[in-house]
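Participant: First to last, the sequence lines map onto chains A and B. Letter by letter, the first sequence follows residues 7 to 234 in this note's numbering. Letter by letter, the second sequence follows residues 7 to 234 in this note's numbering.
2 protein chains.
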Amino acid sequence: MNIAVLGTGVVGQALAGKLSTLGHEVTVGTRDVETTLARTEPGVIGNPPFAVWRVDYPDVGLATAADAAGRAELIVNATNGEGSIPMLELAGEENLAGKVLIDVSNPLDFSQGRPPSLFVSNTDSLGEQIQRRFPDAKVVKALQTMNCDVMVDPSKVPGEHDVFLCGEDADAKRRVADLLESFGWPASRIRDLGGISSARGTEMYLALWLRLWGALGTGYFNIAVQAA
Amino acid sequence: MNIAVLGTGVVGQALAGKLSTLGHEVTVGTRDVETTLARTEPGVIGNPPFAVWRVDYPDVGLATAADAAGRAELIVNATNGEGSIPMLELAGEENLAGKVLIDVSNPLDFSQGRPPSLFVSNTDSLGEQIQRRFPDAKVVKALQTMNCDVMVDPSKVPGEHDVFLCGEDADAKRRVADLLESFGWPASRIRDLGGISSARGTEMYLALWLRLWGALGTGYFNIAVQAA
Numbered sequence: 007m008n009i010a011v012l013g014t015g016v017v018g019q020a021l022a023g024k025l026s027t028l029g030h031e032v033t034v035g036t037r038d039v040e041t042t043l044a045r046t047e048p049g050v051i052g053n054p055p056f057a058v059w060r061v062d063y064p065d066v067g068l069a070t071a072a073d074a075a076g077r078a079e080l081i082v083n084a085t086n087g088e089g090s091i092p093m094l095e096l097a098g099e100e101n102l103a104g105k106v107l108i109d110v111s112n113p114l115d116f117s118q119g120r121p122p123s124l125f126v127s128n129t130d131s132l133g134e135q136i137q138r139r140f141p142d143a144k145v146v147k148a149l150q151t152m153n154c155d156v157m158v159d160p161s162k163v164p165g166e167h168d169v170f171l172c173g174e175d176a177d178a179k180r181r182v183a184d185l186l187e188s189f190g191w192p193a194s195r196i197r198d199l200g201g202i203s204s205a206r207g208t209e210m211y212l213a214l215w216l217r218l219w220g221a222l223g224t225g226y227f228n229i230a231v232q233a234a
Numbered sequence: 007m008n009i010a011v012l013g014t015g016v017v018g019q020a021l022a023g024k025l026s027t028l029g030h031e032v033t034v035g036t037r038d039v040e041t042t043l044a045r046t047e048p049g050v051i052g053n054p055p056f057a058v059w060r061v062d063y064p065d066v067g068l069a070t071a072a073d074a075a076g077r078a079e080l081i082v083n084a085t086n087g088e089g090s091i092p093m094l095e096l097a098g099e100e101n102l103a104g105k106v107l108i109d110v111s112n113p114l115d116f117s118q119g120r121p122p123s124l125f126v127s128n129t130d131s132l133g134e135q136i137q138r139r140f141p142d143a144k145v146v147k148a149l150q151t152m153n154c155d156v157m158v159d160p161s162k163v164p165g166e167h168d169v170f171l172c173g174e175d176a177d178a179k180r181r182v183a184d185l186l187e188s189f190g191w192p193a194s195r196i197r198d199l200g201g202i203s204s205a206r207g208t209e210m211y212l213a214l215w216l217r218l219w220g221a222l223g224t225g226y227f228n229i230a231v232q233a234a
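1. When you measure from the CB of residue 130 of chain B to every non-hydrogen atom of the ligand GDP, does any distance come out below 6 angstroms?
2. Expressed to the nearest angstrom, what Euclidean distance is found between the alpha-carbon atoms of residue 187 of chain A and residue 193 of chain A?
3. According to DSSP, is residue 149 of chain B part of a helix, a strand, or is it coil?
4. Tell me the DSSP secondary structure of residue 72 of chain A in three-state form.
5. DSSP on residue 32 of chain A, reduced to helix/strand/coil?
6. Is there at least one Cβ from chain B nearer than 7 angstroms to residue 189 of chain A's Cβ?
7. Relative to the C-alpha of residue 224 of chain B, which residue among A/219, A/52, A/231, A/190 is closest?
8. To which residues of the same chain is residue 210 of chain A closer than 6 angstroms at the C-beta, ignoring the five residues directly before and after it?
9. Compute the Euclidean distance between the alpha carbons of residue 130 of chain A and residue 31 of chain B, then round it to the nearest angstrom.
10. From residue 141 of chain A to residue 96 of chain A, what distance separates their C-alpha atoms?
11. May I ask you to verify whether the region 89–107 of chain A touches the region 7–14 of chain A, counting CB pairs closer than 8 angstroms and requiring at least 3?
12. Evaluate residue 196 of chain A with the Cβ neighbour count: other Cβ atoms within 10 Å of its Cβ, from every protein chain shown; 16 or more gives buried, anything less gives exposed.
13. Taking all protein chains shown into account, decide if residue 56 of chain B is buried (16 or more other Cβ within 10 angstroms of its Cβ) or exposed.
14. At least one CB of chain A closer than 7 angstroms to the CB of residue 192 of chain B: is that the case?
15. Between the alpha carbons of residue 182 of chain A and residue 146 of chain A, how many angstroms are there, rounded?
16. Relative to chain B, which residues along the region 93–127 of chain A have a C-beta separation below 8 angstroms, given in chain order?
17. Counting only runs that start and end within the region 186–224 of chain A, where is the beta strand (DSSP E) found for 3 or more residues in a row?
18. First and last residue of the alpha helix (DSSP H) that includes residue 136 of chain B?
19. Just to confirm the assignment, what range does the alpha helix (DSSP H) spanning residue 19 of chain A have?
20. Counting only C-beta atoms, is residue 178 of chain B closer than 7 angstroms to chain A at any point?
21. For a contact meaning CB atoms closer than 9 angstroms, what does residue 220 of chain A contact in chain B?
22. So, helix, strand or coil for residue 144 of chain B, using DSSP?
23. Does DSSP classify residue 89 of chain A as helix, strand or coil?
24. For residue 115 of chain B, name the three-state secondary structure that DSSP assigns.
25. Do we get a CB-CB distance below 7 angstroms when we pair residue 171 of chain B with the residues of chain A?
26. What does a CB cutoff of less than 6 angstroms around residue 36 of chain A pick up in its chain, not counting 5 residues either side in sequence?
27. Return the residue from the list A/74, A/160, A/199 that minimises the CA-CA distance to residue 176 of chain A.
28. Assuming the contact rule is C-beta atoms closer than 8 angstroms, residue 167 of chain A and residue 228 of chain A should be a hit. Round their C-beta distance to whole Å, please.
29. Measure the CB-CB distance between residue 17 of chain A and residue 172 of chain A and report whether it falls below 7 angstroms.
30. When you check each C-beta in the region 146–166 of chain A against every C-beta of chain B, which residues fall closer than 8 angstroms?
31. Does DSSP put residue 161 of chain B in a helix, in a strand, or in coil?
32. Under a Cβ-count criterion, where at least 16 other Cβ atoms within 10 Å of its own Cβ denotes burial, should residue 161 of chain B be classed as buried or exposed?
33. Can you find a C-beta in chain A that's less than 7 angstroms from the C-beta of residue 229 of chain B?
34. Our contact map puts residue 22 of chain A next to residue 63 of chain A with C-beta atoms below 8 angstroms; I'd like the distance itself, whole angstroms only.
35. Would you say residue 20 of chain A lies against chain B (beta-carbon separation less than 7 angstroms)?
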């Protein structure tokens, strides 16, 4: 499948690398190609700058967000929360229309210190904002409830644990579930929470995730839902 | 131990019943004793009215919130979120001072429909509001991340799964952890998330809990944190 991954940071790298390894034709979409390639400083968590990372993934393309999204069948939003709608606007409404848009972003607000709060929550969510702004895209909120290494390789955490899907389009959610199974997620652990407003649940969970991260001292964790 | 459980609803019933069964001297605290005993309609989830419930728990006392809290060593806030601070004010700041106050409430706001939103979240929490209003109480937020039957009997959900503690006082958290162990919680599954501001995490998790409840069709579930 031809897939655009918007975002050149650690989450974009993890998803683009995995998708490319699985044989997909992957183009990373960015605001400005030259700026991205010229960057030499490491990312926020010490991940390599894009040009260095890409040495290991020569099959991954780099293009403007519009070019990447225009040729893609499926788009992944792996930008940070504040940059999500601006980047998707650069990608272009017409290039998103009718396509599955996997939204992996979290509306983190670092302006009040750490752990961050959320810039939208409770009675709305970033997933809903994106779906409203791009009504013809088939937004599926997924994967943003865990560290990006765990997203693409659930075996990084012992045992079975869960990933959530939120979105209005049942067929789009099925296609995302198929992709997640190809990442190693067991079908029984891919939980459909309902419409895109359920993204309030998975985004607000970040408040707990951040404190678990602090308490555990590792980002390599996830939750398993156990039911009677 | 002499324990006051504030709240006569299903959560108060579950906690008072369990604590009494374990041999504690339990008094349920209410706004008005006569009104509570005169109630004949079932509770919100079909639980029995207090007078009927109490037939099975004759050792559980009933008193005004102030009387119950005044004689207790440890107090449990099992009222609904909106009623929590008013009920704790009835209990009396002087009757809470220096004591462990287990806060099991959630700031649910049903005014916008279901699933409910939260009336405080993100940059504050009900746990913090209670701690600020009663600075001499040792508030420990706990247990409110699950159905009340699971709170008092974790074996209602298969496997091991987790309960969280948030609070400023390490000794108070140790005492609450001891109580939870007596309920059947394994020590390794009682997770200290840090200070009372961590209650933002466990309260905001309710947004995910409510949607999991909808997707699973049962309230008998919980999350297990799995870490590498």
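Glycine included, C-beta positions come from ideal geometry on N, C-alpha and C.
Facilitator: Based on what the coordinates show:
1. Absence of the ligand GDP from the depicted structure is noted, as is the absence of any ligand whatsoever, leaving it without description.
2. 6 angstroms
3. coil
4. helix
5. strand
6. no
7. For residue 224 of chain B, the nearest C-alpha among the options comes from A/231.
8. 127
9. Using only the alpha carbons, I get a separation of about 45 angstroms.
10. 16 angstroms
11. yes
12. Here residue 196 of chain A is buried: its Cβ has 16 or more other Cβ atoms, across all protein chains shown, within 10 Å.
13. buried
14. no
15. 8 angstroms
16. The residues in question are 118, 123, 124, 127.
17. 196–200
18. 132–139
19. Where residue 19 of chain A is concerned, the enclosing alpha helix (DSSP H) stretches over 16–27.
20. no
21. 199, 200, 204
22. strand
23. helix
24. strand
25. no
26. Around residue 36 of chain A: 14, 42.
27. Closest option to residue 176 of chain A, judged by alpha-carbon separation, among A/74, A/160, A/199: A/199.
28. 4 angstroms
29. no
30. 162, 163, 164, 165
31. Here residue 161 of chain B sits in helix by DSSP.
32. exposed
33. yes
34. 7 angstroms
35. no
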